[in-house]
Amino acid sequence: MASEQEEQEGGVFDSLAEEIDKAAEAHPHDIDKQIEMALECPCVEDMMQGPCKDSFVDSFSCFMKSTHPEVKGYDCIEHFEKFQKCLEKHPEHTEQFFSGGDDA
Numbered sequence: 002m003a004s005e006q007e008e009q010e011g012g013v014f015d016s017l018a019e020e021i022d023k024a025a026e027a028h029p030h031d032i033d034k035q036i037e038m039a040l041e042c043p044c045v046e047d048m049m050q051g052p053c054k055d056s057f058v059d060s061f062s063c064f065m066k067s068t069h070p071e072v073k074g075y076d077c078i079e080h081f082e083k084f085q086k087c088l089e090k091h092p093e094h095t096e097q098f099f100s101g102g103d104d105a
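The number in the working numbering is simply the position in the sequence shown, starting from 1, with 1 added.
Right, dumping it as structure tokens:
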């Protein structure tokens, strides 16, 4: 059985995945527009307003544009590491993000 935190995290990622699908349908040949639309999802509002916004956007954009032939996103490891370091540098923001913002 999933914990409450896992359900909240899954909800964020599920919501973001839905936004990506909608954006892809609306703009099938414009990856930048797809990224822009997905990042407007309220599910990532905390990340977009937090101290790690830039590294989050860079990581997400890189993943969406990834063309690695074997593992999507493998060519984005540097972006992911930068984002992870930012989250580690701001644990108060990370805790709020993963707790849903109300429990911290």
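The C-beta atom is built at its ideal place from N, Cα and C for all residues, glycine as well. A quick note: this is a predicted structure, and the numbers were derived from the prediction, not measured.
Residue i: buried (16+ other C-beta within 10 angstroms of its C-beta) or exposed?
i: Glu19; result: exposed
i: Val72; result: exposed
Keeping to the same chain, check which residues put their C-beta closer than 6 Å to that of residue i; ignore five residues upstream and five downstream.
i: Gln35; result: Ala24, Ala25 and His28
i: Asp76; result: Ser67 and His69
i: Cys1; result: Outside the displayed range of the chain (2 to 105) lies residue 1, so it cannot be described from this structure.
i: Met125; result: Limits of the chain in this structure are 2 at one end and 105 at the other, which puts residue 125 out of reach.
Go ahead and pull the three-state DSSP assignment for residue i.
i: Leu88; result: helix
i: Cys1; result: Nothing about residue 1 can be reported from this structure: the residues present for the chain run from 2 to 105 only.
i: Val45; result: helix
i: Glu71; result: coil
i: His80; result: helix
i: Asp31; result: coil
Leaving aside the five residues before and after residue i along the sequence, list all residues of the same chain whose C-beta is less than 8 Å from its C-beta, in chain order.
i: Asp59; result: His80, Lys83 and Phe84
Assuming residue i and residue j form a contact by the criterion Cβ under 8 Å, report the distance between their Cβ atoms to the nearest whole angstrom.
i: Phe64; j: Gly74; result: 5 Å
Looking only at its own chain, which residues have a Cβ that is under 7 Å from the Cβ of residue i, when we skip the five neighbours before and after it?
i: Met49; result: Leu40
i: Cys42; result: Ser16, Leu17 and Glu20
i: Thr95; result: Leu88
Taking 6 Å as the line, does the beta carbon of residue i fall inside it for any heavy atom of the ligand MN?
i: His28; result: Absence of the ligand MN from the depicted structure is noted, as is the absence of any ligand whatsoever, leaving it without description.
Are any of the Cβ atoms in chain B nearer than 7 Å to that of residue i?
i: Ser67; result: Looking for chain B here will not work: only one protein chain is present.
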